[in-house]
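Some notes on the structure that comes next.
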Amino acid sequence: MIFKKLKELIRKEILVLARDRQTIPILFIMPVALILFLSLALQGVYVDKISGRKILLVLENASHTPKAVLLEKKISTSKLIQRIERPAGFDNDKLFEYGKAQAAIFIPEGFDDGAKPLQIQFDPVLDAGYKAAARALITSLTAELVMGIDDIEALTSNFIIEKTKKNRDLPGPLQQSVPGWSIFAMFFIAIPMSIGFLREKNDGTLQRIFTYPVNVHLIILGKLIPYYLINLIQFALMIIVGIYIMPYITNLPFALGEHPWHLIPITVVVAAASTGFGVMVASLARSPEQASALAVTGAILMGASGGIMVPHVVMPLMMKKLAMISPMYWAHQAYLDVFLRDAAFSFILPKLAVLTLFALLCFYIAGRKVKWM
Amino acid sequence: MKALEISGITFSYNPLADKSVAGDFEYALRDFSMSVDCGQIHALLGPNGAGKTTLMRLITGQLRGYGGDINIYGHKNEDKEALIAIGYAPQPVSLFTALTAMENLRIFGVMAGLSDERLKERSTEVLEETGLLSYAKKRTATYSGGMLRRLNLAVALLHSPRLLLLDEPTVGVDPQSRHHIYETLKKMNAAGMAIVLCTHIMDEAQRLCSRVTLLDKGAVIYSGDMNKIDNLEKFFLERTGRGLRDE
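Chains Y and F are the protein sequences, given in the same order. Position 98 of the first sequence, counted from 1, bears residue number 158 in my numbering, the numbering being contiguous throughout. Position 85 of the second sequence, counted from 1, bears residue number 86 in my numbering, the numbering being contiguous throughout.
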């Protein structure tokens with residue numbers, strides 16, 4: 061009979077949830093939309109930070125001497141540069157304003173005898189790194205020309221060896237967004253969970269259940285299990301969307317890493333943390349309106365500070381440290397250990413311990429604060 | 002054996018209040034006693050804030066930490082046997098509005114321990130008794146006030162309780178629904194069910210009930226047979242005063 065009662069409590073909770081028109085969009089459609097839009101938006105950050113992009117350059121040569129022509133050729137064939145033609149009626153300011161180019165170079169007549177210098181103008185909002193790289197490129201190419209060296213890079217190759225390791229910190233757009241917004245949506249479970257609890261408390265249905273011979277722990281389980289299951293389904297769905305749908309829409313790659321089975325214990329713990337958060341909100345709020353505000357504010361603050369909205373790796377050092385107070389940070393890093401770092405489970409375990417502590421703390425606070433009547 | 006026996010109940014919403022010292026306004030109920038015989042309809046009357054709903058919540062085990070004893074058919078009120086013997090229709094309509102009448106009955110029926118077969122049978126019976134059978138599969142959010150009150154009662158009757166506790170069962174309903182509710186109660190009582198009726202509608206209490214307990218400021222101010230009272234409303238006002246009870 062105990063299991064029958066538990067099953068009925070779970071069934072009731074799911075029916076109520078499924079018939080709430082706001083729940084399904086919040087829990088399932090919102091994260092998919094966020095993954096799509098923010099992956100595309102993050103693409104620029106990712107390209108700038110890792111693979112780099114070519115600088116769109118308008119190059120005009122008024123000097124037709126062999127040296128000037130050679131410089132023009134060297135600049136045009138550089139891997140850093142994508143040369144474009146100046147559109148008719150566009151001066152430099154208009155070029156930058158409309159995003160047609162990010163830099164413009166003018167080689168004046170009399171350049172090779174040193175009478176007039178080469179002129180460079182950058183888009184004022186171009187990343188400082190790109191400006192420095194373009195400046196260094198033009199300087200080295202000009203030096204090659206002045207010193208009569210054919211390829212300065214080949215000449216210095218014996219003195220410089222690059223030993224950069226494979227990126228294991230900055231996630232790709234989908235690697236960032238899929239787990240990030242899944243975690244965010246999982247914590248949003250606090251909204252229907254706390255609202256549902258307070259609505260039942262306010263309309264007396266919860267108290268009415270207590271007038272039957274039903275153990276209070278059974279009622280708590282009946283409230284927790286459906287939301288916990290929804291959390292697991294949310295993550296599974298987001299992963300499916302990340303693997304099978306997003307790469308086709310966004311043209312961005314997404315892979316699970318070498319140890320995809322680690323996702324199971326991580327998700328089990330993250331779901332416990334998010335349902336714990338929901339229970340805590342339900343116990344602290346006095347009305348459904350208050351619960352909704354508390355849950356939304358809490359989730360957004362945790363997401364903003366925890367590296368969900370802005371990748372943790374691009375945050376300033378102080379924010380990186382501050383992020384550690386957010387459970388979403390630990391959850392996200394645990395997922396990135398799987399997607400990005402191919403980490404061993406022992407590496408992930410401390411993050412799961414932090415999340416478990418957060419969940420226990422939430423349940424403890426809820427246990428102290430909850431008023432059933 | 003009494004259907005309900007309450008002796009010396011003292012209760013305060015302030016958990017720090019000393020239960021052994023009755024007095025003052027800290028107490029929602031003070032040394033309160035009453036008993037209901039099997040098959041009796043007992044009116045529990047009192048002005049707003051007198052402690053009627055608190056008493057109902059104590060009987061049904063929603064509130065704990067009281068002094069005194071509450072027994073239902075010889076069992077302590079928190080025992081499973083006692084809880085099963087009670088059918089409770091609270092003052093606010095306490096139903097899941099996202100669910101249909103049938104789904105509401107199912108959840109409360111399972112909580113009461115009814116088997117699937119019995120649940121199905123009783124659900125049909127109580128919906129028929131309360132005139133809601135044709136609306137069984139409609140969500141209760143679409144119900145009128147009267148229909149909700151009747152379903153509130155149907156839930157209380159579902160597991161065939163031996164003691165029915167009704168906290169203002171007809172508040173806010175039209176005369177038709179009220180009449181239907183009272184006809185249902187008469188039928189249940191004729192079948193042997195004891196009923197405790199909290200109401201502010203004096204003529205109905207006088208018409209339906211054989212015993213009355215008058216409660217004010219948490220204490221019994223009168224308990225006796227209804228047939229000894231000529232005009233219940235006049236009697237009520239004489240005993241509880243004509244001043245407004247807004248606190």
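Even glycine gets a Cβ: it sits at the ideal position worked out from N, Cα and C. Note that the structure is a prediction, hence the values are computed from the model and not measured.
If you run the structure through DSSP and keep just helix, strand and coil, what is G52 of chain F? Here residue 52 of chain F refers to the residue found at position 51 when the second sequence is read from its first residue. Residue state, collapsed to three classes: coil.
Would you call I179 of chain Y buried or exposed, if buried means 16 or more other Cβ atoms sit within 10 Å of its Cβ? By one-based count along the first sequence, residue 179 of chain Y stands at place 119. First, the residue type needs correcting, since residue 179 of chain Y is Gln and not Ile in the sequence shown. Counting Cβ neighbours within 10 Å, Q179 of chain Y comes out exposed, since fewer than 16 surround it.
Using a Cβ-Cβ cut-off of 8 Å, state whether L30 of chain F counts as contacting chain Y. Reading the second sequence from its first residue, position 29 is the one you call residue 30 of chain F. No - not a single Cβ of chain Y is within 8 Å of the one on L30 of chain F.
From L59 of chain F to K380 of chain Y, what distance separates their C-alpha atoms? To locate residue 59 of chain F, count along the second sequence from 1; it is residue 58. To locate residue 380 of chain Y, count along the first sequence from 1; it is residue 320. A direct Cα-to-Cα measurement between L59 of chain F and K380 of chain Y gives close to 53 Å.
Mind checking S386 of chain Y: buried by the 16 CB within 10 Å criterion, or exposed? Taking the first sequence and counting its residues from 1, the one referred to as residue 386 of chain Y is at position 326. By the 10 Å Cβ count, S386 of chain Y comes out buried.
Helix, strand or coil: which one does DSSP assign to T11 of chain F? Along the second sequence, read from residue 1 onward, the residue named residue 11 of chain F stands at position 10. In the three-state DSSP reduction, T11 of chain F falls in the strand class (E or B).
Any Cβ of chain F within less than 8 Å of the Cβ of I243 of chain Y? Locating residue 243 of chain Y in the first sequence gives position 183, counting from the first residue. For I243 of chain Y, not one C-beta of chain F is nearer than 8 Å to its own C-beta.
Top-ranked residue by Cα proximity to A391 of chain Y, from Y:I285, Y:M207, Y:G366, Y:K134: The residue labelled residue 391 of chain Y in the question sits at position 331 within the first sequence. Just measuring C-alpha positions, the residue of Y:I285, Y:M207, Y:G366, Y:K134 sitting nearest A391 of chain Y is Y:G366.
According to DSSP, H76 of chain F sits in a beta bridge with which residue or residues? Indexing the second sequence from 1 puts residue 76 of chain F at position 75. As computed with DSSP, H76 of chain F is found in a beta bridge with F:I73.
Got a sec: is the Cβ-Cβ distance from F97 of chain F to anything in chain Y below 8 Å? Here residue 97 of chain F is taken as the residue at index 96 of the second sequence, counted from 1. At least one beta carbon of chain Y lies nearer than 8 Å to the beta carbon of F97 of chain F.
On a CA-only basis, which of F:S224, F:G88, F:M103, F:E82 is nearest S135 of chain F? Give me that one, please. The count along the second sequence starts at 1 and reaches residue 135 of chain F at position 134. Taking only the C-alpha atoms, the option nearest S135 of chain F is F:M103.
Starting from the beta carbon of M61 of chain Y, find every residue of chain F whose beta carbon is closer than 7 Å, and list them in chain order. Your numbering for residue 61 of chain Y matches position 1 in the first sequence. Near M61 of chain Y (Cβ distances below 7 Å), the residues of chain F are G114.
Does any heavy atom of the ligand GDP sit closer than 7 Å to the C-beta of A250 of chain Y? Absence of the ligand GDP from the depicted structure is noted, as is the absence of any ligand whatsoever, leaving it without description.
Can you name the residues that DSSP bridges to N121 of chain Y? Taking the first residue of the first sequence as 1, we reach residue 121 of chain Y at position 61. Under DSSP, the beta-bridge partners assigned to N121 of chain Y are Y:I167.
So the candidates are Y:M384, Y:G174, Y:L96; which of them puts its Cα closest to the Cα of S123 of chain Y? By one-based count along the first sequence, residue 123 of chain Y stands at place 63. Residue Y:G174 is the option with its Cα nearest to S123 of chain Y.
According to DSSP, what are the bridge partners of T214 of chain F? Taking the first residue of the second sequence as position 1, residue 214 of chain F is located at position 213. Bridge partners of T214 of chain F: F:L45, F:S224.
Which chain F residues are close to L269 of chain Y, counting only those with a beta carbon under 7 Å from its beta carbon? Along the first sequence, read from residue 1 onward, the residue named residue 269 of chain Y stands at position 209. Reading off the sequence, residue 269 of chain Y comes out as Ile, not Leu. Under the 7 Å cutoff, chain F gives M112.
With DSSP as the reference, label S136 of chain Y as helix, strand or coil. In the first sequence, residue 136 of chain Y corresponds to position 76, counting from 1. Assigned with DSSP and collapsed to three states, S136 of chain Y falls in helix.
Identify which residue in Y:G189, Y:S136, Y:F171, Y:G170 has its Cα closest to the Cα of A164 of chain Y. Translated into the one-based positions of the first sequence, residue 164 of chain Y becomes position 104. Check the Cα spacing between A164 of chain Y and each of Y:G189, Y:S136, Y:F171, Y:G170: the tightest is with Y:S136.
Quick test of the definition: if touching needs 3 or more C-beta pairs under 8 Å, does the stretch 93 to 108 of chain F touch the stretch 123 to 132 of chain F? A contact exists between the stretch 93 to 108 of chain F and the stretch 123 to 132 of chain F.
Buried or exposed by the 16-neighbour rule on C-beta atoms within 10 Å, applied to V174 of chain F: To locate residue 174 of chain F, count along the second sequence from 1; it is residue 173. Classification for V174 of chain F: buried.
Starting from I144 of chain Y, follow its DSSP beta bridges and name the residues at the other end. By 1-based counting over the first sequence, the position of residue 144 of chain Y is 84. DSSP lists Y:V118 as partners of I144 of chain Y.
Going by the beta-carbon positions, is the gap between L165 of chain F and M194 of chain F smaller than 8 Å? Taking the first residue of the second sequence as 1, we reach residue 165 of chain F at position 164. Taking the first residue of the second sequence as 1, we reach residue 194 of chain F at position 193. Yes, the pair counts as a contact, with Cβ atoms nearer than the cut-off.
Nearest to E260 of chain Y by CA position, among Y:I62, Y:V373, Y:V398, Y:E73, is which residue? Counting from one through the first sequence, the residue named residue 260 of chain Y turns up at place 200. When C-alpha distances from E260 of chain Y are compared across Y:I62, Y:V373, Y:V398, Y:E73, the shortest belongs to Y:E73.
If we cut at 8 Å on Cβ distances, does P273 of chain Y have a partner in chain F? Against the first sequence, residue 273 of chain Y aligns to sequence position 213. With its beta carbon less than 8 Å from one in chain F, P273 of chain Y belongs to the interface.
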